[in-house]
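The structure under discussion appears below in the form of structure tokens.
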Amino acid sequence: MPVYVIADIKVTDDAWVPSYAAAVHDIVHRHGGKYLARSGKVRTLEGAPLDTTLIALLEFPSAEAAEAFAQDPDYAPYAAARQKGSDSRFQMIDDTDLAGTIPYLRKG
Numbered sequence: 001m002p003v004y005v006i007a008d009i010k011v012t013d014d015a016w017v018p019s020y021a022a023a024v025h026d027i028v029h030r031h032g033g034k035y036l037a038r039s040g041k042v043r044t045l046e047g048a049p050l051d052t053t054l055i056a057l058l059e060f061p062s063a064e065a066a067e068a069f070a071q072d073p074d075y076a077p078y079a080a081a082r083q084k085g086s087d088s089r090f091q092m093i094d095d096t097d098l099a100g101t102i103p104y105l106r107k108g
């Protein structure tokens, strides 16, 4: 079952960004993942705006693949640099519909 990782990042020191952006894409792909979006153009449509400066949306073929990416030793130094230079949260969701009312999603 596909899963989606939502990376919500507030960059506090952008020194990590160039190397992270250049290298992590390949590590994501190695685990069957792909970026669906990665943008700093964040607009709040509802609720109080957060101080997010970057949101990335990634798709992986399974939760196991996403977790393998997150635990990959090759990713560890990039994750550490990102964590040092940002306030970030990575969340994973699957493709189910909790209410079960959207016909093209699996019932959650």
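According to full-length UniProt numbering, the sequence shown is numbered sequentially starting from 1.
Where a beta carbon is used, it is the ideal one built from N, C-alpha and C, also for glycine.
Apart from the five residues just before and just after M92, which ones in its own chain have a Cβ nearer than 6 Å to its Cβ? Position 92 of the sequence shown, counted from the first residue, corresponds to residue 92. Within the same chain, M92 has close Cβ partners V3, V5 and A66.
Using 10 angstroms around the beta-carbon of H29, count the other beta-carbons present and answer buried if the total reaches 16, otherwise exposed. Your numbering for residue 29 matches position 29 in the sequence shown. H29 is exposed by the Cβ-count criterion.
Just mark R82 as buried or exposed, buried being the case when its beta carbon has 16 or more other beta carbons within 10 Å. Taking the sequence shown and counting its residues from 1, one reaches residue 82 at position 82. Buried is the call here.
Y4: first and last residue of the uninterrupted beta strand (DSSP E) it sits in: Counting from 1 along the sequence shown, the entry for residue 4 is found at position 4. Taken as a continuous stretch (DSSP letters only), the beta strand (DSSP E) holding Y4 covers V3 to V11.
When burial is assigned at 16 or more other CB atoms within 10 Å of the CB, is P102 buried or exposed? Numbered from 1 along the sequence shown, position 102 holds the residue referred to as residue 102. The question names Pro, yet the displayed sequence has Ile at residue 102. Exposed, because fewer than 16 other Cβ atoms sit within 10 Å of the Cβ of I102.
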